[in-house]
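Quick note: to get my numbering, add 744 to the position in the sequence shown (first position is 1).
Think of the CB as a built atom: it goes at the ideal place given N, C-alpha and C, for glycine as much as any other residue.
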Amino acid sequence: MSGELIPFQIETQRVIQLLAKQIYQSPLALLRENTQNAFDAVRQRLHIDGQFNPSIDILLSPDKIVIADNGIGMTPDDLSRHYWTAGSSSKNNAAARAAGVVGTFGIGAMANFGIADRLVVETESATTGERTICRADRAKLDLKQNCIEREVVQSLQKPGTTITAHVAPGEKIDVVKARDYIAEFVSLVDVPVTVNGEIVSKRPIEDLVPHVPETWRSNEQAHVIGPRMTADVTVILSNNADLWLSFANIIWDSKPLTGRLVLRSGHSNLRTFRSGFGLATASVSSFYQFGGIADLLALEPTAGREAITVDGLQLLQSMMTDIDRFVSELLAKRDESDSSTPFMNWVVAHNRYDLCGKLRMTISPGDRISLEEVERRSHPRPMMLYEGADQGVVKAHASEDTPLLILARTNPRRRCEQNFLKNNANVSAISDKPIVKDRRSYGQLSTAESALAYRVESILETDYFVKSIVDFGSISHGLPVLAQKEGDRIRITLNPDGQTVQLLLGLFSTEFGAFGSMAKDFVRNVLFPRIADYVPSSTKQGAEAFLRAIRKAREVFEYADDDLGSLPGIWEEYDEGRIPLEEAVARSRTAVRSSVQVVEVATRAKDVVPDVIENEQALHEAADPAAGLNLDPSPGITRLELTSAAKLLVIDDKEPALRGYRCFLAITDKAREEMGEFFLQPHSTSIVWGGQKTLFIFMHHSGQFGLYYDLQTREVVDAAAGGGAFPTCSIVLKDRIFIPIPDEIRASFVPRFGERKRFEIRADILRAEGGNGSTTNGTSAVG
745 MSGELIPFQI ETQRVIQLLA KQIYQSPLAL LRENTQNAFD AVRQRLHIDG QFNPSIDILL
805 SPDKIVIADN GIGMTPDDLS RHYWTAGSSS KNNAAARAAG VVGTFGIGAM ANFGIADRLV
865 VETESATTGE RTICRADRAK LDLKQNCIER EVVQSLQKPG TTITAHVAPG EKIDVVKARD
925 YIAEFVSLVD VPVTVNGEIV SKRPIEDLVP HVPETWRSNE QAHVIGPRMT ADVTVILSNN
985 ADLWLSFANI IWDSKPLTGR LVLRSGHSNL RTFRSGFGLA TASVSSFYQF GGIADLLALE
1045 PTAGREAITV DGLQLLQSMM TDIDRFVSEL LAKRDESDSS TPFMNWVVAH NRYDLCGKLR
1105 MTISPGDRIS LEEVERRSHP RPMMLYEGAD QGVVKAHASE DTPLLILART NPRRRCEQNF
1165 LKNNANVSAI SDKPIVKDRR SYGQLSTAES ALAYRVESIL ETDYFVKSIV DFGSISHGLP
1225 VLAQKEGDRI RITLNPDGQT VQLLLGLFST EFGAFGSMAK DFVRNVLFPR IADYVPSSTK
1285 QGAEAFLRAI RKAREVFEYA DDDLGSLPGI WEEYDEGRIP LEEAVARSRT AVRSSVQVVE
1345 VATRAKDVVP DVIENEQALH EAADPAAGLN LDPSPGITRL ELTSAAKLLV IDDKEPALRG
1405 YRCFLAITDK AREEMGEFFL QPHSTSIVWG GQKTLFIFMH HSGQFGLYYD LQTREVVDAA
1465 AGGGAFPTCS IVLKDRIFIP IPDEIRASFV PRFGERKRFE IRADILRAEG GNGSTTNGTS
1525 AVG
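And the structure:
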């Protein structure tokens, strides 16, 4: 090919602006980054001179931001080698870390050019006395030419740094929002930080976590919290078993861990800090939904500051596991444990039924009685126990001379009572087993019944690896279905008079095309809860085998140290001439965009999964219209024969909701390819939200492991912070997996006409510490 060669050109300032906005999701990131740099500078000066009075002063106006500190300052060489060199940091050394600095990435200067078009840096070094002024215009930035103006001026004998950012036209600052944004991450900083003259720092950590109404308090020094953790601990307990905890002087793995933890049960969000400077909300799993504040020197931010590193998350998860155990053993000695469902869930998950003595169970006649009292009274002579709900049986057996213990009807209390009594008390159970009458063999079944029996057996074996025998017969106690273990199979008897079974038999005769999907939904909704304990993956061994199968090589979706290392590495390769400029730009943009998802259009759910809503409604009404939503682990909705390009499914307000949801978001293709098989397994669902974060925790029904899916939005979620346990309603197609969005926050996920919703995604498999995981009361976890 002949012809002239022309240069490849690039608008440097535009590339830097794009990279800044990709790494730093919030347009106010320059406030956080420069305030953090000021905080680090103050800490470094305090480390070498503990006598000076530190201060950080911020002035905000719609078109200008000024951030001034009297910290250690920078030399002319520091400015050239570190501040204006992406990927290089003067704080990435032992002395800076000993001072408790927050940032070591060396890309904070880039944050300014997301919304600023001119930057002025005036600084004086506390070590050399040199004073320097630098000026940079975004329009003049150039990768190959000197473009930063630097001037060494006379010293004023006032060490410190002042950053002045001139906001670009069209990027005006909302002063009130900016003030609140700063206050959020400097609230615990122990030096005065002012915004337009108002102090927004130096708040006590206890003030950031609401107390509970105090019924009982305990203060212990150097108390053993768990196998790896010792701390000074304060516990405040309310009469309904809400907890407020404070941990100080923490020893972890026999080493001091600088910092504090203040937690409250049911608080969901766990905000993280380092040396008092705010980092991000962490997703950790706790049976008690502990949230609050974790201010620990061991925590480090990732590059975009929107998360903490995996090591930090794993540390918090391990600590939370010890704290859950500590709290459970403490509650076991208190009458308030009887009001705590999280306590009972923890007991069941960890097989610690010996802790259930303070729980109270029903006795007839009489008031509720503690299990330890049952143990005491039953040893001279056995007490009678009824595990059913038939009041006729209760009346027939209960008397003042021989009171009848009545087992709770719902879990986890029922399992706590059963196992405590089995291990500790002397009880005699009254038989109340359902009986099958008129059981019919295959030869006696109608065509519709034979088809249903075959379809149910096939679905159970294909989807759940359960071998079964399905027959029909009348069942006592008004039960529609009875499942009984027989050797290596489960015998499932269907009551032909039950409404759900009649519905299915009717479909076979009148709408055969809908019969198959309805049978699959019938197995998931009606049969699975009755056979959950027999599903192979519900055991520890089965869960381990499944986990090994899906733990193939994959990338954690976050900017951790290793991920960030690629940015300076890419530009170093370019500077050394090993890659061309266009490749450096392309690779850089890929690095910062690899975990971003964009949603532009909402698709009607009935256009993608047309029968799912109708089937769920029909089965719910036929089974029990008054039944509440099930929070126990359950399988996802599978339609593996369907495909869709949709990223967001919605259900109109005029149509019935699907298990309470009207919005479903597709997980990213990367997450689906690497962890999608998880959603084929029964799982529970917990969701919490606050600020710009929405966190999903899906726990495997074995309790051995789970999956977290973390969405960072550009805008604040349009709802007050909240969340908790939700019904499982994952929808699995051949090429898409949709997760449910609670109604409280769906407005933040559904794009308006012409709008693009943009999410930064982090996802990974989490491993429950000690082989036991969270339940539907857990919030968020990482492993």
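Pick helix, strand or coil for residue i, following the three-state DSSP scheme.
{"i": "Leu823", "result": "helix"}
{"i": "Arg972", "result": "coil"}
{"i": "Asp1182", "result": "strand"}
{"i": "Ser1338", "result": "In this predicted model, Ser1338 has a pLDDT of only 46, less than 50, meaning its place in the structure is not dependable enough to derive any value."}
{"i": "Asp1508", "result": "strand"}
{"i": "Met818", "result": "coil"}
{"i": "Ile767", "result": "With a pLDDT of 44 at Ile767, under the threshold of 50, the modelled position of that residue is not reliable, and no figure is offered here."}
{"i": "Lys1027", "result": "Reading off the sequence, residue 1027 comes out as Ser, not Lys. Ser1027 falls in the coil class under three-state DSSP."}
{"i": "Gly1110", "result": "coil"}
{"i": "Thr1206", "result": "helix"}
{"i": "Ile1395", "result": "coil"}
{"i": "Asn1239", "result": "coil"}
{"i": "His1445", "result": "coil"}
{"i": "Thr876", "result": "strand"}
{"i": "Ile1067", "result": "helix"}
{"i": "Gln1228", "result": "strand"}
{"i": "Pro1484", "result": "strand"}
{"i": "Leu1103", "result": "coil"}
{"i": "Ala1192", "result": "helix"}
{"i": "Phe1256", "result": "helix"}
{"i": "Cys891", "result": "coil"}
{"i": "His910", "result": "strand"}
{"i": "Gly1420", "result": "helix"}
{"i": "Cys1407", "result": "strand"}
If you check the beta carbons only, do residue i and residue j fall under 7 Å apart?
{"i": "Asp1055", "j": "Ser1030", "result": "no"}
{"i": "Leu1409", "j": "Phe1493", "result": "yes"}
{"i": "Ala1469", "j": "Leu1375", "result": "yes"}
{"i": "Pro820", "j": "Glu874", "result": "yes"}
{"i": "Leu1148", "j": "Ser1108", "result": "yes"}
{"i": "Arg1502", "j": "Arg1458", "result": "yes"}
{"i": "Pro903", "j": "Gly817", "result": "yes"}
{"i": "Thr1046", "j": "Lys1437", "result": "no"}
{"i": "Asp813", "j": "Thr872", "result": "no"}
{"i": "Ser1212", "j": "Ile1179", "result": "no"}
{"i": "Ala860", "j": "Val911", "result": "yes"}
{"i": "Arg1199", "j": "Pro1379", "result": "no"}
{"i": "Leu1151", "j": "Glu1161", "result": "yes"}
{"i": "Phe1209", "j": "Pro1124", "result": "no"}
{"i": "Phe783", "j": "Phe1021", "result": "yes"}
Residue i and residue j look like a contact to me (Cβ under 8 Å); what is the Cβ gap, rounded to whole Å?
{"i": "Lys1478", "j": "Leu1393", "result": "Between Leu1393 and Lys1478 the Cβ distance is about 15 Å, and since that is not below 8 Å, they are no contact."}
{"i": "Val703", "j": "Val937", "result": "An answer regarding residue 703 cannot be provided, because it is not within the stretch 745 to 1527 covered by the chain."}
{"i": "Glu891", "j": "Leu900", "result": "As written in the sequence, residue 891 is Cys, which differs from the Glu given in the question. Wrong, their Cβ atoms sit about 27 Å apart, outside the cutoff."}
{"i": "Gln1033", "j": "Gly1003", "result": "About 22 Å; that fails the 8 Å criterion."}
{"i": "Gly739", "j": "Phe1070", "result": "The question about residue 739 has no answer here: the residues shown for the chain are numbered 745 through 1527."}
{"i": "Arg894", "j": "Cys878", "result": "5 Å"}
{"i": "Ile1403", "j": "Pro1471", "result": "Rather than Ile, the amino acid found at residue 1403 in this sequence is Arg. At roughly 5 Å, the Cβ-Cβ gap stays under 8 Å, so Arg1403 and Pro1471 are in contact."}
Can you give me the Cβ contacts of residue i inside the same chain, cut-off strictly under 6 Å, excluding the 5 residues immediately before and after it?
{"i": "Leu1165", "result": "Val1171"}
{"i": "Gly1467", "result": "Ser1012, Ile1431, Val1432 and Trp1433"}
{"i": "Gln965", "result": "Asp976"}
{"i": "Gly815", "result": "Ala785, Val786, Arg789 and Gly904"}
{"i": "Leu1249", "result": "Ala1192"}
Might you give, ordered along the chain, the residues of its own chain that have their beta carbon closer than 8 Å to the beta carbon of residue i, omitting 5 neighbours on each side?
{"i": "Thr959", "result": "Leu981, Ser982, Asn983 and Glu1080"}
{"i": "Glu950", "result": "Ser990 and Val1006"}
{"i": "Val1461", "result": "Trp1433, Gly1434, Gly1435, Gln1436, Lys1437, Thr1438, Ile1489 and Ser1492"}
{"i": "His1141", "result": "Met1128, Tyr1130, Leu1148 and Ile1174"}
Tell me which residues share the same chain as residue i and place their Cβ nearer than 7 Å to its Cβ, disregarding the 5 neighbours each side in the sequence.
{"i": "Leu1075", "result": "Ala985, Ser1081, Ser1084 and Phe1087"}
{"i": "Arg947", "result": "Ser931 and Leu932"}
{"i": "Ile792", "result": "none"}
{"i": "Pro1400", "result": "Ile1357 and Gln1361"}
{"i": "Pro1126", "result": "Asn1170, Val1171 and Ser1172"}
{"i": "Asp801", "result": "Ala812 and Thr938"}
Can residue i be considered in contact with the ligand COA, in the sense that its beta carbon sits closer than 6 Å to one or more heavy atoms?
{"i": "Gly1467", "result": "With respect to small molecules bound, the structure shown includes none, and the ligand COA cannot be examined in it."}
Can at least three beta-carbon pairs, one atom from the region 1239 to 1249 and one from the region 1210 to 1218, be found at a separation below 8 Å?
yes
Inter-stretch contact at 8 Å, needing at least 3 Cβ pairs: the region 1057 to 1067 / the region 1095 to 1109:
no
Does the region 1223 to 1233 come close enough to the region 1341 to 1348 to have 3 or more Cβ pairs within less than 8 Å?
no
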